[in-house]
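Each residue of the first sequence is one higher than the last, beginning at 7 in my numbering.
Yeah, the Cβ is synthetic: ideal placement off N, Cα and C, and Gly gets one too.
Fair warning: this is a prediction, and the values are worked out from it, not measured in the lab.
First the structure, in the form of structure tokens, and then the observations on it.
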Amino acid sequence: MKVVLPDRSELELPDGATGLDAARAIGPKLAEQAVLVRSNGRVQDLRLPLEDGQPVQILTTRDKDDPDALAVLRHSSAHLLAEAVRRLYPGVKIAIGPPIETGFYYDFEFPEPIREEDLPRIEEEIDRELAEGREWRREEVSPAEAKQRFLEENEPYKVELVDTAEGPISFYTQGDFTDLCRGPHLQNSKPIKAVKLTSLAGAYWRGDEHNKQLTRIYGTAFYSKEDLDAYLAKIEDARRRDHRRLGPELDLFHFEEVSPGSALWHPKGMVIWNALEDLRREENARRGYLEVKTPLVWDVELWKRSGHWDNYRENIFQIPYGETLYALKPMNCPGHMLLFNSKLRSYRELPLRFAEAAVLHRDEPTGSLHGLLRARQFSQDDAHVFCTEELVQDEIDAMFDYLGYLYDRLGVRDLAHAELSTRPDKRLGTDADWDHTERILRAAIDRMGMRYRVAEGEGAFYGPKIDFFMDDALGRPWQMGTIQLDGQQPARLGCTYMGSDNREHMPYLIHRALFGTLERFIGILIEHYGGAFPFWIAPVQVRVIPVGADHRVAAEQLRDELAEYRVEVDDRDETVGRRIRDAELEKIPYVIVYGDKESDESLAVRQRGGEQANLPLARLREELATL
RNA sequence: GCCGACGUAGCUCAGCUGGUAGAGCACUUCACUCGUAAUGAAGGGGUCCCCGGUUCGAGUCCGGGCGUCGGCUCCA
């Protein structure tokens, strides 16, 4: 047989040759450093036979930044962790231990709970294993054999995995530790130069909260100590960009214990908020949306009718009032439907686009709160479009266009990745309804030529949706904009319009938020820009620093000259150097130092970051006008 | 909600085995009148998250609660 190497040359091999055989045929050094085989994007264990004619790329320890090569290293590291834990904690039961983007984890059921301070001990044990050295051996076994083995070892989680496993079952053994595993794994532990256990967490078996909660140990591993250090430095940098830290630091917002999950917005934070609100208002008007306002508090009767009560009762804030149970609205749609129903609608009025950025409340689980990114009180740039079936496509296309415009304006288009969510188990409507609405959304996103992932079963109970996600500083994804096609709620709330045939029809309802929630969007903006906002949303755009007391008047005049911008004069009794430093720390885009040498003909302008220039006021105006 | 960690001045943090709190920055005042990332000095500032318990005595030990952080679950 033969395989094709990356340089397109062909390598002749005996039938049944493995990846390792191929590496040996090329050279002993390559064989020694080989980590895994990649073929057409698929990864394969070195110990497995190659296919005739297959293109083959052998990754080595030198591909230390390759995600697949890293995953193999980390997967093997997870096995070392399990071996160490088994030795240190007799009676522990092992579950699963995969690599993840930033490292790996392994889930255990400990006889006695362990604590974070136990991690160093486990880490030492792993280091001992590394010092001794480990080789991985792979074997294939029959399901019955595998099951027998884990029954004997009293490993119920492994038994369950064997029972539900598909395809051939393989074992990997290092030292005296054998694990059920699909692989691939390293040949031996030599390439593992840095392992660090990072945290401890509870995690439900198979991700289901009805199952037992296991103890998950997180760790990470690299092909070099320097890579680990670089990773830790990156985490440190992300910590500096954290909006929960920058928010209070830049005087934008803060939280209070007496209202968890609801931000208190400071004047400077409101500048950013209002910049987004102004943009929203302006564009909504331009794009034919009608601003409306609906109540904050509703009889729960409404939520029962809409279907929300059955699906999200535990997340709705309730207010008992006499005999009646009221609720703070968790969303705007039912209110907008009542508005739609307030008079007999004609097809001539459609599409009808209601927009409202009202305050919403959702009683989110305590453990899920996360600054502005997961809050209990928030405002969506919400809108509900009522339209006929023929109009649905155009409306959705227009929403994509609008979304692209907004994300471009804010400089975050590249951050967004899309997801199409299809029918969930718990849902309203018939399969035919869902076939139809899912098809429409899929066609729309395909028409945009946008890359997206399909999230089966993740749709809303009333319809499929397209969500746009952005990552925070640590790379955790958050749902931002959303477009949802709803063929159910209008029926439940009795929305109809008169068609040209003089008969009543049910409108389609498209729910959409483009920023998502203002809170979350601002949170992501803060982390994305590290607090150094683009000029047009910066809370303070220009700071004027008079060199001495004699220059105060001139500084104030300059501020008044630039009255259309947010300009502050810093005439504190501090050195110029000090005031510049403070302006830099506050991440103000422009600083103008004004002293004896300055005039309208020549201003000393310093940009955020330190770049300096002398230019006349007129030129500065021109420059600012472009931002 | 669940697992683990944490909660001391506005912020960042120190406070050993229990003996009624400390630094830097910030703030106030005074002096300096200043040219592109920290001028100096003095001063004020604490329900040590809350409630209960142990103890002669609790920031410190124990129990409960709240909040925050890292995960899990959830996220219309």
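Three-state secondary structure (DSSP) of residue i
{"i": "H423", "result": "strand"}
{"i": "K299", "result": "coil"}
{"i": "F110", "result": "strand"}
{"i": "D74", "result": "helix"}
{"i": "Y408", "result": "helix"}
{"i": "N347", "result": "coil"}
{"i": "Q485", "result": "strand"}
{"i": "H376", "result": "strand"}
{"i": "Q494", "result": "coil"}
{"i": "I120", "result": "coil"}
{"i": "K603", "result": "coil"}
{"i": "H596", "result": "Residue identity differs from the one stated: residue 596 is Tyr in this sequence, not His. Y596: strand per DSSP, three-state reduction."}
{"i": "Y353", "result": "helix"}
{"i": "H216", "result": "coil"}
{"i": "A23", "result": "coil"}
{"i": "K240", "result": "helix"}
{"i": "D477", "result": "strand"}
{"i": "G458", "result": "A quick correction: the sequence has Tyr, not Gly, at residue 458. The answer is strand: DSSP assigns Y458 an E or B state."}
{"i": "P552", "result": "strand"}
{"i": "H314", "result": "helix"}
Spatial neighbours of residue i in its chain, beta-carbon cut-off 8 Å, leaving aside the 5 residues before and after
{"i": "F110", "result": "R80, H81, S83, A84, L87, G103, P104, Y224, G225, T226, A227"}
{"i": "I120", "result": "Y95, L206, T221"}
{"i": "P266", "result": "T372, L375, R382"}
{"i": "A128", "result": "The displayed chain sequence assigns Ile, not Ala, to residue 128. Around I128: L87, A90, V91, L94, L203, I223."}
{"i": "K432", "result": "N317, F467"}
{"i": "L524", "result": "W279, L282, E283, A363, F384, S385, Q386, D387"}
{"i": "P622", "result": "D606, E607, S608, L609"}
Beta-carbon proximity of residue i to residue j, cut-off 8 Å
{"i": "Y411", "j": "A422", "result": "no"}
{"i": "I594", "j": "R549", "result": "yes"}
{"i": "A101", "j": "F114", "result": "yes"}
{"i": "V306", "j": "A361", "result": "no"}
{"i": "L186", "j": "K164", "result": "yes"}
{"i": "E18", "j": "V10", "result": "no"}
{"i": "Q618", "j": "A610", "result": "yes"}
{"i": "L378", "j": "R526", "result": "yes"}
{"i": "L42", "j": "V49", "result": "yes"}
{"i": "F406", "j": "C501", "result": "no"}
{"i": "T394", "j": "Y353", "result": "yes"}
{"i": "V365", "j": "S385", "result": "yes"}
{"i": "A404", "j": "R587", "result": "no"}
{"i": "G465", "j": "T428", "result": "yes"}
{"i": "N321", "j": "E370", "result": "yes"}
{"i": "E574", "j": "L256", "result": "no"}
{"i": "T108", "j": "Y229", "result": "no"}
{"i": "L258", "j": "K274", "result": "yes"}
{"i": "P190", "j": "D58", "result": "no"}
{"i": "A519", "j": "G487", "result": "yes"}
Cβ shell of residue i (< 6 Å), same chain only, five flanking positions each side left out
{"i": "M456", "result": "A424"}
{"i": "V460", "result": "L426"}
{"i": "V277", "result": "P545"}
Element boundaries [alpha helix (DSSP H), containing residue i]
{"i": "T184", "result": "Here T184 belongs to no alpha helix (DSSP H); instead the beta strand (DSSP E) covers 183 to 186."}
{"i": "H390", "result": "No alpha helix (DSSP H) contains H390, which is instead part of the beta strand (DSSP E) from 383 to 393."}
{"i": "F527", "result": "524 to 535"}
{"i": "K199", "result": "Run containing K199: none; DSSP gives neither H nor E here."}
{"i": "H249", "result": "249 to 255"}
Segment limits, beta strand (DSSP E) that includes residue i
{"i": "D576", "result": "Element bounds for D576: n/a, residue is neither H nor E."}
{"i": "T66", "result": "63 to 66"}
{"i": "E16", "result": "16 to 18"}
{"i": "R212", "result": "No beta strand (DSSP E) contains R212, which DSSP labels as neither H nor E."}
{"i": "Y327", "result": "324 to 327"}
{"i": "H191", "result": "Careful: H191 lies outside any beta strand (DSSP E) and carries neither H nor E."}
{"i": "A610", "result": "609 to 613"}
{"i": "L157", "result": "Counting along the chain, L157 falls outside any beta strand (DSSP E), though it belongs to the alpha helix (DSSP H) covering 149 to 158."}
7 Å CB neighbourhood of residue i in its chain, flanking five on each side removed
{"i": "L54", "result": "T24, G25"}
{"i": "E131", "result": "A90, R93, L94"}
{"i": "A244", "result": "A479, L480"}
{"i": "A77", "result": "P105"}
{"i": "E401", "result": "P357, V391, C393, I516"}
{"i": "G522", "result": "Q386, Q485, M486, G487, T488"}
Sheet register partners of residue i (DSSP bridge)
{"i": "Y178", "result": "R144, D185"}
{"i": "P105", "result": "F110"}
{"i": "G469", "result": "A466"}
{"i": "K8", "result": "E18"}
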